[in-house]
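Engineer: Start counting the sequence shown at 20; every next residue gets the next number (our numbering).
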Amino acid sequence: MGSSGMLARRAVETEMPIMVKMQELIRGAKNAMSLAQGVVYWQPPKQALDKVKELVWEPAISRYGADEGLPQLREALRKKLCLENKLHNSSVMVTAGANQAFVNLVLTLCDAGDSVVMFAPYYFNAYMSFQMTGVTDIVVGPGDPKTLHPDADWLEKTLSETKPVPKLVTVVNPGNPSGTYIPDPLLKRISDLCQDAGCWLVVDNTYEYFMYDGRKHTCVEGNHIVNIFSFSKAYGMMGWRVGYIAYPSEVEGLGTQLLKVQDNIPICASIISQHLALYSLEVGPEWVTERVKDLVKNRDIVIEALSPLGEGAVQGGEGAIYLWAKLPDQYVDDFSVVSWLAHKHGVAVIPGGACGCPGHLRISFGGLTEGDTKAAAQRLKRGLEELVKDGMLE
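1) Suppose contacts are defined by Cβ-Cβ distances below 8 Å. Is residue 351 in contact with residue 377 by that definition?
2) Let me know if residue 20 comes out buried or exposed under the rule of 16 or more other beta-carbons within 10 Å of its beta-carbon.
3) Applying the criterion that 16 or more other CB atoms from any shown protein chain within 10 Å of the CB defines a buried residue, is residue 161 buried or exposed?
4) Taking the alpha helix (DSSP H) that residue 38 falls in, what are its first and last residues?
5) Work out the CA separation of residue 141 and residue 398 for me, nearest whole Å.
6) What number of angstroms, rounded off, separates the C-alpha of residue 177 from the C-alpha of residue 148?
7) Count the C-beta pairs between the stretch 150–158 and the stretch 31–39 that are closer than 8 Å, then say yes if the count reaches three, no if not.
8) How many whole angstroms separate the CB atoms of residue 315 and residue 228, which I take to be in contact at a CB cut-off of 8 Å?
9) CA-CA distance, residue 84 and residue 290?
10) Near residue 420, which residues of its chain fall below 7 Å by C-beta distance, leaving aside the five closest residues on each side in sequence?
11) In terms of residue numbering, what span does the alpha helix (DSSP H) encompassing residue 234 cover?
12) If we ignore side chains and look at the alpha-carbon of each, how far apart do residue 404 and residue 327 end up?
13) Which stretch, first to last residue, makes up the alpha helix (DSSP H) that contains residue 173?
14) What are the residues that DSSP puts in a beta bridge with residue 223?
15) Once you ignore the five residues that flank residue 173 on each side, which residues in its own chain have a CB closer than 7 Å to its CB?
16) With a CB to CB cut of under 6 Å and the five nearest residues on each side skipped, what residues in its chain are close to residue 278?
17) Based on Cα-Cα distance, which residue from 169, 221, 103 and 413 lies nearest to residue 243?
18) From which residue to which residue does the alpha helix (DSSP H) around residue 114 run?
19) Along the chain, where does the beta strand (DSSP E) containing residue 384 start, and where does it finish?
20) Just confirm the distance between the C-beta atoms of residue 300 and residue 99, as a whole number of angstroms; I'd bet it's less than 8 Å.
21) Rounded to a whole number of angstroms, what is the C-alpha to C-alpha distance between residue 390 and residue 254?
22) Please classify residue 37 as buried or exposed, where buried requires at least 16 neighbouring CB atoms within 10 angstroms.
23) Classify residue 367 as helix, strand or coil using the three-state DSSP reduction.
24) Please report how far the alpha carbon of residue 110 lies from the alpha carbon of residue 88, in whole angstroms.
25) Using the rule of at least 16 other Cβ atoms within 10 Å of the residue's Cβ for burial, across every protein chain shown, is residue 392 buried or exposed?
26) For the alpha helix (DSSP H) containing residue 200, name the first residue and the last one.
27) Name the two residues that bound the continuous alpha helix (DSSP H) containing residue 146.
28) Got a sec? Which residues, its chain only, sit under 6 Å from residue 167 by beta carbon, not counting five neighbours each side?
29) I need the straight-line Cα distance from residue 120 to residue 250, nearest angstrom please.
30) Just how far apart, CA to CA, sit residue 215 and residue 322?
31) Given a threshold of 16 other Cβ atoms within 10 Å of its Cβ, counted over all protein chains shown, does residue 50 qualify as buried or as exposed?
32) Using CA atoms only, rank isn't needed, just tell me which of 374, 43, 339 and 360 is closest to residue 193.
33) Apart from the five residues just before and just after residue 223, which ones in its own chain have a Cβ nearer than 6 Å to its Cβ?
34) Can you tell me where the beta strand (DSSP E) with residue 23 in it begins and where it stops?
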């Protein structure tokens, strides 16, 4: 047996992270600007960072903390969940980011061989989380062609006809990669369908504050629902790695099983990061929404850059930090287009094939200042104009 034969099939058969591929691509492309990774351009609140600096030498910062999170942070999060999200019967576990929160839930709620439901275009890391934990029966449902909203009629039929019933349904709201927002009535219908079928609904609310054009974010709650949240995007804490799970308090044993998983992955989220999260919460959500307002300019700049693709080719921009664009029909191999754009035109975007929809692009408008977004958008527009007119000329 060679060394490769000794590797777990579970890991080998998991998709390679698209962001790892993109990082390699960007490194190989001279001076490429990124509209690829889902990040924001701002840092955490200065007053929160200043407070954290004072904690560095405290011994408790270098020790393990409670697995489920600092008590004072969890208490602050429970108040936030009640006040902002109208979640009144949820307990909290703090995790090392929202991705780790999702892995915790897959390991706690699903067994290898269970079926689960996602909707295309889907979040690639969630898909990978299922694959690497042995949950390989991943049923991918359609989004509405006009809105990209999950098709609830399809879900109703699938949950009623699939035996055994899928263990879990998951959505991201507002969407990554779609940038669309699932309206409250549709989210409630999805929740009701899951409850009636006896399966879990996991909602990723990472972009809860990233809502545009007067839209308001809402959550659903129930004993079959788990909500995920994150500090990464809202407070510019990508590298600090803090997220949290809001899970139903009344489901007996759920918290205990989550703790087993938590103790075997991070033990606890970084202590100093949790303090930064607490201090950021004290600054308040208004700090976030003021910065999100400015992203509308970035969004509109990128929409204009995508105009060479033609009318109706661009969707999203309702929430989160993404636009979703359809390439001309002949470009199903979207990674080739992405590679060409990076090397020929110096701009990086995500291929839709990584999200279950070949022939598309995901474009992030959150990671650059307005000036840099204009520069990157100019490169993108020139590239798309050439693509549409002449193809991928070298």
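Glycine included, C-beta positions come from ideal geometry on N, C-alpha and C.
Structural biologist: By the coordinates alone:
1) Closer than 8 Å, so yes.
2) Because residue 20 sits at a pLDDT of 47, beneath the cut-off of 50, its placement in the model cannot be relied upon, and the point is left open.
3) Exposed: under 16 other Cβ atoms inside 10 Å.
4) Where residue 38 is concerned, the enclosing alpha helix (DSSP H) stretches over 37–47.
5) Using only the alpha carbons, I get a separation of about 27 Å.
6) Those two C-alpha atoms are separated by around 22 Å.
7) With the rule of 3 Cβ pairs closer than 8 Å, the stretch 150–158 counts as touching the stretch 31–39.
8) In fact, because the Cβ distance is near 13 Å, the residues do not count as touching under 8 Å.
9) The straight-line gap from Cα to Cα measures roughly 7 Å.
10) No information on residue 420 is available, as it lies outside the stretch 20 to 413 that the chain covers here.
11) Run containing residue 234: none; DSSP gives neither H nor E here.
12) Approximately 5 Å between the Cα atoms of the pair.
13) Note, residue 173: alpha helix (DSSP H), 171–180.
14) In DSSP, residue 223 forms a bridge with 191 and 247.
15) Same-chain partners within the cutoff: 160 and 161.
16) Only 86 meet the Cβ criterion.
17) Per the Cα distances, 221.
18) Note, residue 114: premise wrong, no alpha helix (DSSP H); beta strand (DSSP E) at 109–114.
19) Premise fails: residue 384 is in no beta strand (DSSP E) and is neither H nor E.
20) Indeed they touch by this definition, with Cβ atoms about 6 Å apart.
21) If I take the Cα positions, the gap works out to 21 Å.
22) Taking all protein chains in view, the Cβ of residue 37 is crowded by 16 or more other Cβ atoms within 10 Å, so the residue is classified as buried.
23) It is a strand residue.
24) Near 11 Å, if we compare the C-alpha coordinates of residue 88 and residue 110.
25) A buried status is given to residue 392, since no fewer than 16 other beta-carbon atoms sit within 10 Å of its beta-carbon.
26) Here residue 200 belongs to no alpha helix (DSSP H), and DSSP marks it neither H nor E.
27) For residue 146, the enclosing alpha helix (DSSP H) stretches over residues 143–151.
28) Excluding the 5 residues flanking it on each side, residue 167 has same chain C-beta neighbours closer than 6 Å at 197, 199 and 334, in chain order.
29) Approximately 12 Å between the Cα atoms of the pair.
30) Distance from the CA of residue 215 to the CA of residue 322, rounded to the nearest whole angstrom, comes to 40 Å.
31) Exposed, by the Cβ-count rule.
32) If we check each option's Cα against that of residue 193, 339 comes out closest.
33) Non-local beta-carbon contacts of residue 223 in its own chain, meaning distances under 6 Å to residues more than five positions away in sequence, involve 191 and 247 in chain order.
34) Where residue 23 is concerned, there is no enclosing beta strand (DSSP E), because DSSP gives it neither an H nor an E.
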